[in-house]
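Numbering of the sequence shown is given in the working numbering, commencing with residue -10 and proceeding in unit increments.
As structure tokens, the structure follows; a few thoughts come after it.
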Amino acid sequence: MLSMTDQATQKMWEDEMSLQIKVPEDSYYCPQDEIIERAEMLRRVRIRIVGCGGAGCNTVDSLMEMGISGADLLSINTDAPHLRRKRSMAKLLIGKRRTRGEGAGGFPKIGEEAALEEIIRIREMMGGSDITFVTCGLGGGTGTGSAPVVARAAKESGSVVISIVTLPFRSENKERMDNAMGGLEKLFMYSDTILAIPNDRIVSMSPSKKMDDAFKFADSVLAETITGLTELITKPGDINIDYADVSHVLRLGRTAVVGIGESSIGKEGVISAVKQAIEFPLLEADTGTAKGCLVSIVAGEDATLRDLEIAMTEIQARIRPDATMKFGVRYDEAMTGRIKVMALLVGVTSPYSVNAPEDIKNIERLVSDEKDHAEIDFIR
Ligand SMILES: Nc1nc2c(ncn2[C@@H]2O[C@H](COP(=O)(O)OP(=O)(O)OP(=O)(O)O)[C@@H](O)[C@H]2O)c(=O)[nH]1
Ligand SMILES: [Mg+2]
């Protein structure tokens, strides 16, 4: 039996509840939301994307054109005219004394010295990042020499570091391949995850074999990969992936592959999107060995729970049964009738895996034997 005071309290409580229920939806206000919002701002994941050297700055320029949200873009180069022409949110001309704004002339040692000249600025600029993408075309002087310096500064400031680099074309000279392998070895020391993509492989997927088009295509592949990964973390979805999920999965293995697939909704379409994403031919990886998987699904509002279930089951069937899988889902009006699946598979085995320094020799051999060698003239 409730006492009189308890009954009065209960009545007051019920009145208060009914009052709250009567509040019209559009004037919804909850004072705690302000505090929660502030906490949300504080835990916003800070993502930096740093393009080093000519190719790296071109990738950042492509990202600016595509419009990326939730990440800061930084371009670093020794080549002043190139750096000035390219779009970025912030720029750093390195090696003003060493190279006088004229590039590193294909010498990674000079690229490294140029970066070290500005090490204090680089450390400042890397501070506070949670995730740093370092991107460059390995093989030249600036990107190859400076990317490991940037990766190291980011790592030392406590960031997760993902290096996404290209390996030179077979038709470039042997010196460039040696440069690239030296750079890869250094990047290996400061990266949590490395995606090293042979240029010949990218071009074998490119619709045009003309050099300019091939580079543009390579830039767009890199830019799309980076955008996909960034938006997976930063764009609020209906099912979110957060920083803790991402850093956990990224630490499950050094080598990662990423693939994107898009198709119509419905069973067949969803399976086809998953297949495209997982069997993305860039690195010939054995995805069945993946230890971790981050999946981002963007679908039209008409996609059903069944479509999502099919996508999940199809992905699970293609990776290790005990793999850690985290996924985010976002509905997007612009995707009506369609579904886009992006999968980052971590800890895969690929001929291009860099899991130990010895693997680098192996990659060098593979790139030299690349059967998909692009028939393009590379003139420098
Ligand atoms: N994706 C892409 N790759 C490129 C492009 N230009 C060159 N590459 C590749 O990237 C490698 C490095 O070239 P750059 O980026 O021009 O060289 P850098 O880092 O600026 O070095 P230096 O010019 O010697 O100071 C080349 O060997 C090519 O394999 C480009 O526009 N896009
Ligand atoms: Mg250059």
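C-beta: ideal position from N, C-alpha, C; glycine also.
- Restricting attention to alpha helix (DSSP H) runs no shorter than 4 residues, the stretch 277 to 311 encloses them at 294 to 305, ordered along the chain.
- Contact between Thr67 and Thr131 holds: CB atoms are separated by about 5 Å, below the 8 Å threshold.
- Its chain contains Ile222 as the residues whose beta carbon lies nearer than 6 Å to that of Val235, once the 5 sequence neighbours on both sides are disregarded; these appear in chain order.
- Collapsing the DSSP output to three states places Ala60 in a strand.
- Nearest to Arg354 by C-alpha distance, out of Val150, Val138, Arg35 and Leu156, is Leu156.
- When DSSP assignments are scanned along the stretch 206 to 262, the uninterrupted stretches of beta strand (DSSP E) that are 3 or more residues long and fall wholly within it turn out to be 245 to 253.
- In this structure, Val287 sits away from Val259, with a CB-CB distance that is not shorter than 9 Å.
- Counting only runs of 3+ residues, the beta strand (DSSP E) found wholly inside the stretch 22 to 55 occupies 36 to 41, in chain order.
- Gly326 counts as exposed, since fewer than 16 other C-beta atoms from the protein chains shown sit within 10 angstroms of its C-beta.
- Ranked by how close their Cα comes to the Cα of Asp119, the residues Glu54, Ala28 and Asp61 have Asp61 in first place.
- Contact annotation: Ala93 and Gly134 have beta-carbon atoms nearer than 9 Å.
- Ranked by how close their Cα comes to the Cα of Ser209, the residues Gly45, Gly281, Val284 and Lys329 have Gly45 in first place.
- Comparing alpha-carbon positions, the option among Glu322, Met115, Ser16 and Ser146 lying closest to Gly226 turns out to be Glu322.
- Beta-bridge partners of Gly130 (DSSP): none assigned.
- Under the three-state reduction of DSSP, Gly171 is assigned to helix.
- Excluding the 5 residues flanking it on each side, Val49 has same chain C-beta neighbours closer than 6 Å at Gly40, Leu62, Ser64 and Ser77, in chain order.
- In this structure the stretch 142 to 162 touches the stretch 108 to 118; the number of beta carbon pairs closer than 8 Å is three or more.
- Counting C-beta atoms within 10 angstroms of its own C-beta, Lys75 has 16 or more neighbours from the protein chains shown and is therefore classed as buried.
- Of all C-beta pairs linking the stretch 281 to 296 to the stretch 254 to 268, three or more are shorter than 8 Å, placing the two stretches in contact.
- In the three-state scheme derived from DSSP, where H, G and I count as helix and E and B as strand, Phe122 is classed as strand.
- Here the stretch 173 to 193 makes contact with the stretch 139 to 146; the two share three or more CB pairs at distances below 8 Å.
- Contact between Arg159 and Asp189 holds: CB atoms are separated by about 6 Å, below the 8 Å threshold.
- In the three-state scheme derived from DSSP, where H, G and I count as helix and E and B as strand, Val192 is classed as helix.
- Closest by C-alpha distance to Pro70, out of Gly84, Gly90, Leu333 and Ile99, is Gly90.
- In terms of Cα proximity to Ser253, the closest of Lys175, Asp296, Glu113 and Val337 is Asp296.
- Within the stretch 73 to 161, the runs of alpha helix (DSSP H) at least 4 residues long that lie entirely inside it are, in chain order, 85 to 88, 97 to 106, 108 to 115 and 131 to 145.
- In the structure shown, Asp275 falls within a strand segment according to DSSP collapsed to helix, strand and coil.
- Placement of the Cβ of Phe316 at a distance of 8 Å or more from every heavy atom of ligand 1 is found.
- Beta-bridge annotation (DSSP): Gly317 is paired with Ser285.
- When the five nearest sequence neighbours on each side are left out, the beta carbons in the same chain lying within less than 7 Å of the beta carbon of Tyr232 are those of Val34, Asp119 and Ile222, in order along the chain.
- Here Lys329 carries a strand assignment [DSSP, helix/strand/coil].
- Of Ile25, Ile308, Leu294 and Met314, the smallest CA-CA separation from Val238 is found for Met314.
- Under the three-state reduction of DSSP output, Asp181 falls in the coil class, being neither helix nor strand.
- In this structure, Asn351 has its beta carbon at no less than 8 Å from each heavy atom of ligand 2.
- Distance check between Gly172 and each of Gly42, Ile308, Ile36 and Glu26 places Gly42 closest, using alpha-carbon atoms only.
- Here the alpha carbons of Arg309 and Thr278 stand approximately 5 Å from one another.
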